[in-house]
Structure formats: C-alpha cells, structure tokens
Amino acid sequence: MKTVRRILGTDLPVALIVLFALLPWVWMLLTSVRPEAELTQSPLRLVPNTISLANHIALLERTSFAENLRDSLVVAVGAVALGLLLAMPAAYAFARLKFRGQRWLKTGFLMINMFPVVLLILPIFVLLRELGLLDTYFALIAGHATFTMPFAIWLLTAYVAAIPAELDEAAMIDGATRVQLFVKVLLPLVLPGVVAVGIYLFIASWNEYLFALMLAGRNVRTVTVALQIFIGENEIHWGLLTAAGSLVALPAVALFLFAQRHLAAGLTGGAVKG
Amino acid sequence: MNRLSLPWLLLAPALLATAILVLLPVGETMWLSLHDVILYRPRSRPFVGLANYAWLLTDTDFWESLGHSAVWVIASVGLQFALGFTAALLLNRAFPWRGLARGLVIIPWALPSVIIGMMWSWMLDFNLGLFNALGMRLGLLDAPIAWLAQPGTAMAAVILAVVWQGFPFFAVTLLAGLQAIPKEQYEAAAIDGAGTVSSFRHVTLPGLAPVIATALLLRMIWVANSLDLILVMTGGGPGTATQTLPLYAFLKAWSGADFGHGSALAVVLALLLLGVVITYAARAER
Chain W
-7 MKTVRRILGT DLPVALIVLF ALLPWVWMLL TSVRPEAELT QSPLRLVPNT ISLANHIALL
53 ERTSFAENLR DSLVVAVGAV ALGLLLAMPA AYAFARLKFR GQRWLKTGFL MINMFPVVLL
113 ILPIFVLLRE LGLLDTYFAL IAGHATFTMP FAIWLLTAYV AAIPAELDEA AMIDGATRVQ
173 LFVKVLLPLV LPGVVAVGIY LFIASWNEYL FALMLAGRNV RTVTVALQIF IGENEIHWGL
233 LTAAGSLVAL PAVALFLFAQ RHLAAGLTGG AVKG
Chain S
12 MNRLSLPWLL LAPALLATAI LVLLPVGETM WLSLHDVILY RPRSRPFVGL ANYAWLLTDT
72 DFWESLGHSA VWVIASVGLQ FALGFTAALL LNRAFPWRGL ARGLVIIPWA LPSVIIGMMW
132 SWMLDFNLGL FNALGMRLGL LDAPIAWLAQ PGTAMAAVIL AVVWQGFPFF AVTLLAGLQA
192 IPKEQYEAAA IDGAGTVSSF RHVTLPGLAP VIATALLLRM IWVANSLDLI LVMTGGGPGT
252 ATQTLPLYAF LKAWSGADFG HGSALAVVLA LLLLGVVITY AARAER
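Protein sequences appear in the order of chains W and S. The first sequence: position 164 = 156 (my numbering), numbered continuously. Every number in my numbering is 11 more than the matching position in the second sequence, counting from 1.
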C-alpha cells in the first residue's frame, strides 16, 4: 500500500517531468538518424523505419561542420583559460583579503550580468573593427570570458571561502610566500571547484550565439552560428540540422551531468551566504 | 609587497576586462543614444539630445514590445518556477531511481538556445511536426495548426520553449536549497505536531526563501535580456507578435541600421531592469 502511494505520488509525477525534459531531445535524436526521405513522409511515423547515420556522415563530409566544431572548441577552451585567469585572482582577493570597497565591488561584478547584450554589442563591434580583431578567435574568447566572469568569480569566491583560513596561517608560519600558499595549499583544495567553474565556462562559451553571430561568422564560425546554414530560403534540411544539433549538444550535456552537483552547491552556497 | 595594493593587483585583470568590454561599451551606447546614427551614413551623426527617447514615447512598436516583454518575463519565469519547484520537491523525496531522474531533468539547461529553438520549431512545424501529427492522431486537432505563424500561438510557443529550457535551473538550485535545510528542523516540527502542509509552510518555505529570491532574480534578468530563442524561432514574428524589447532594440540597430534609436531602446531596457533589481533588493533587505 505504501509502495503504491509512493508510485502514484512520487514516481509517476517525476516520470512525467523527466518525459517533458527528454521528449524534444529524444525527438531530435530520432529525427537525425532517419534518412531524409522518411522525414517528409506523410503520415509521420513516430518510430523510424530504418536507422542510419547518413545525416551525420553527410554533415561531416560534405559541409564545413567539422571546421565549425574546431572553431567552437578553440573558442571554448580559450574562454575557459582566460576566464579562469581573470576570475581566480579576483576570487582569492574577495575570499581572503580585506580591502575598502570590497562589498561594493563584489556586487558591482554581479551587476555586469544585468546589462543587456544588445546594449554592449554594437560598441564592442566598432571597437574590435578598429583594432582589426573582428572575426578572430581572440574576439570571441575575450567576449565570452568577460561575460561569464562575474558568475565564475562568485562561485570561486564561495569555494575559496569554504576552506578554513587556519590552513593559510599555518602555511604562512612555515614561511610560505603568498604565491606558494596559493599554488601548493589552496589550489589543490579548490581544484574540484575550479574544474566545475571551468566546465561552466566551457558550456557557456560553447552554447553562446549572439556574440558569435555578431563579432565573427566568416573566418571563425562556431557551431551555433553554423546551424543557420541548413536553413535555406525555401527549405530547411531537418536531417542535417538535427544531426548537427545532436552533435553540438553532446559535449555540453556530458560535461554538465559531470559538473552539475558542484555548480548547484556553489550557486546556493553563494546565495545563502550573500 | 604593500598590503594595500595586493587586492587591487589581483583584481586588476578582471577590472580591466570589465572596463574595456562592459563599462566602455555601456558608456558608448548611452552616448550613441543621444545622436542620430544611421549605419550607412557614417560621416554624419548629429547630436540630437533626448530626441531618440522622445521618439520612443510616441512609437507604438516600443509600447507593444514592452507589453510583449512583460508577458514573456512574467509567464516564462512564473511557469519555470512553478515547474522547477515542483520538480525539486519531488526529487527531494526518496524513490529508487532518484539519482537518474536528477541527472535527466538537467538536460534542457545544458543545451544551446539555438538548438532548443530549432528543436521546438521542428516539433511545431506545420507539415512535418510532432505536435500536429500527434494532435491529429489523438483527435485533439481537426486540422494542422501553424503554431509559429499565428500571433496567439506563436507567443505561447516561444514561452513553452523557454520554460522547457529554464525550469531545470530552478529544479537544481531549489533542490540544493532543500537539501541544505537541517533535518532536525523537520523533526522538531513533527514533535510539535506539524503535518505535511504545516511543516512545508513553517520549515521548508522560510528555509528556502533566500535561495528562491536569488534564483528568481537571476532568472528574471536572464529571461528579460535573452533574445536568441525568439530570434531563432520566430524572429519576432509573425509581424511583431513575439517582438520583445531586447529583440526590438537588436532588430532596430542591425536590420534597420538605426543605431541611435536602437541604442535608446537598449538603454531603456537596462534602466527598467535596474529599477526592478533595486526594488527587489530593497524589499529583500527588509
């Protein structure tokens, strides 16, 4: 009786929510493994007749998608490196040092996320054009790293603050310099947090669209922008489009599942501590 | 090293990047909004004072997009929160496949907006979409519906897509918040004779309140600013039926090549958000 109640009250509603969360995704995967001819067939078949990877193969062999994947990878890895380089010293300062304007500055960084991207993109476009950096890896890396930085700083500050300050003091008494302290004592302890933040930066950059569209697109074309090439004037190549979509989604989903627990804990930790 | 300069040295890279890529552009956009700037007329950009803002007040498209933004933000964030909170409460209970369910519910959050827009456009497609096919087969629809080509259904469709994208954010953050509430509080409430509803009201909600407040604020700002999902699914159409304020600013500046008016629209959006954030923060302080 108790089990029946649990199934009706918990398992069933959870299953419905999971179904809702998965349905569009599963439908995209199912579409991508069908031959193009079957897609336009009426009436629509829910389960594919034949399963083939023809769309995926055509995508990688006949289009520029492999290059787009490479561009996305370069930009995302660059954004992780630059983002961590900018955020880690700042997070250390916020968590461990006391200085005037600290609270004000920490809130200020969070406010960056409040500015609409439309507000910024035009002057950034003009600036990059004048510097000759438009349509380069650097343009997208710098843009992505800067706009994900506030959240990265916030999470990293929470991670560093969670490590007892007595450890620092002990190391200092042993004669360690601040740099040694950071590299040898703090870094190994916050490494899980750094990895989680790195994954967050990677996914944010990998998934980003507007910057990649406006500040690049010809020489450097990331996958989110490249998806548009399958949408023609008169017809949409749904087979190729869904194949591309499923390939693009894969790394983000895999990394996300790996890191989600750390990210959620950091998010709420920051929220509770303020 | 000087103790006073160390923090600023550590903050310098982050501050520099912010100054160049955020503060400078914000200032520049504000400056542009006071000029008549047309992209294909680069030599002549006369100063017009607040004329672009005065124009906004008389522009029917602006008021319409403001209304769309209100519907978009309230409906999307409200539904995301309702569904995410429900999911968090359920996922906090004990059942055999809890770990798996927690992982699977997250998936929408990890996907790029462009792909989400594409997936939903595909499912809502007039000829080949899953919605029409299932609806017809189950007898819910008499004829296929052009979901994204009718004003009423188009707005509902983009909201559905963004609810799908955003509810896991609430599920994850609120679940983490629920897990942080000490078990002893529930035990104490039970000893005091509190039932399920009572312990939810007096233990769960107060314990979760700070997390709820932060999550709502973050998501609201994000949804109010986001335009990629709508851009991909409808481009603001049909007509201007799904054109929100940021999308209108974007289209005005880029498709219309009218940076003066586009900048003014963007500044108004930022000011409105700032107003909301300040009101919200002031309430949270109390």
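All C-beta atoms, glycine included, are put in the ideal place defined by N, C-alpha and C. Here the structure is a predicted model, which is why all the values come from computation and not from measurement.
Annotation: the continuous alpha helix (DSSP H) that includes W/Phe139 extends over Tyr129 to Ala153.
When C-beta distances to chain W are compared with 9 Å, the residues of the stretch 70 to 96 of chain S below that value are Leu94, in chain order. Residue pairing for S/Phe58: DSSP places it in a beta bridge opposite S/His46.
Within the same chain, no residue comes within 8 Å of S/Ala105 by CB-CB distance, once the 5 residues on both sides are set aside. Going by C-alpha positions, W/Ala13 is about 48 Å away from W/Ala163. Around S/Val59, the same chain offers Leu45, His46, Asp47 and Gly271 as residues with beta carbons nearer than 8 Å, after the five sequence neighbours per side are excluded. The secondary-structure analysis by DSSP pairs W/Ile228 across a beta bridge with W/Ile223.
At a cut-off of 8 Å between beta-carbon atoms, W/Ile104 makes contact with chain S. Taking a Cβ-Cβ cut-off of 8 Å, S/Glu195 has no neighbours in chain W, whose nearest Cβ is about 17 Å from it. Burial state of W/Leu112 is buried, judged by a 10 Å Cβ sphere holding 16 or more other Cβ atoms. With a threshold of 8 Å between beta carbons, S/Leu149 makes no contact with chain W.
S/Leu22 is the residue among S/Met166, S/Leu22 and S/Ala172 whose C-alpha sits nearest the C-alpha of W/Lys98.
Against chain S, the beta carbon of W/Gly70 has no neighbour under 8 Å; the closest one sits roughly 14 Å away.
Within the stretch 53 to 136 of chain W, not a single complete beta strand (DSSP E) segment reaches 3 residues in length. Distance from W/Leu74 to S/Thr40 at the Cβ level is roughly 24 Å; contact not present, criterion being Cβ atoms closer than 8 Å.
In the displayed model, S/Asp269 falls within a strand according to three-state DSSP.
Closest option to S/Ala268, judged by alpha-carbon separation, among S/Tyr51, S/Leu35 and S/Leu20: S/Tyr51. Around S/Asp153, no beta-carbon contact reaches into chain W at under 9 Å, the shortest distance being about 15 Å. Comparing alpha carbon positions, the residue from S/Val174, S/Val82 and S/Leu151 closest to S/Gln254 is S/Val82. The beta carbon of W/Trp17 falls within 8 Å of a beta carbon belonging to chain S, placing the residue at that interface. Fully enclosed alpha helix (DSSP H) runs of no fewer than 4 residues occupy 141 to 148 of the stretch 130 to 177 of chain S, in order along the chain. Identification of residues in the stretch 264 to 281 of chain S having a C-beta nearer than 9 Å to some C-beta of chain W yields Ala264, Trp265, Phe270, Gly273, Ser274, Leu276, Ala277, Val278, Leu280 and Ala281, given in sequence order.
For W/Val69, there are no CB contacts under 7 Å within the same chain when 5 residues up- and downstream are skipped.
Excluding residues up to 5 positions away in sequence, Ile241, Thr253, Gln254, Leu258 and Leu262 lie with their Cβ nearer than 7 Å to the Cβ of S/Gly247 in the same chain. Judged by DSSP secondary structure, S/Ile31 falls outside any alpha helix (DSSP H); it is assigned neither H nor E.
Scanning W/Leu52, W/Glu53 and W/Leu31 for the CA closest to the CA of W/Ile43 turns up W/Leu31.
By the C-beta criterion, the stretch 120 to 131 of chain S is judged to be in contact with the stretch 184 to 204 of chain W, since at least 3 inter-stretch pairs fall below 8 Å.
S/Phe106 carries a coil assignment under DSSP once its states are collapsed to helix, strand and coil. W/Val240 and W/Glu227 have their alpha carbons spaced roughly 22 Å apart.
Proximity of the stretch 10 to 28 of chain W to the stretch 173 to 192 of chain S meets the contact definition, three or more beta-carbon pairs being nearer than 8 Å.
The three-state secondary structure of S/Pro53, taken from DSSP, is coil. In the structure shown, W/Met(-7) adopts coil according to DSSP, grouped into three states. Rounded to the nearest whole angstrom, the CA to CA distance from W/Ala251 to S/Ala157 is 39 Å.
Closest by C-alpha distance to S/Ala160, out of S/Arg212, S/Glu75, S/Asn138 and S/Arg56, is S/Asn138. The beta carbons of W/Phe194 and W/Val72 sit about 5 Å from each other, so the pair counts as a contact at 8 Å.
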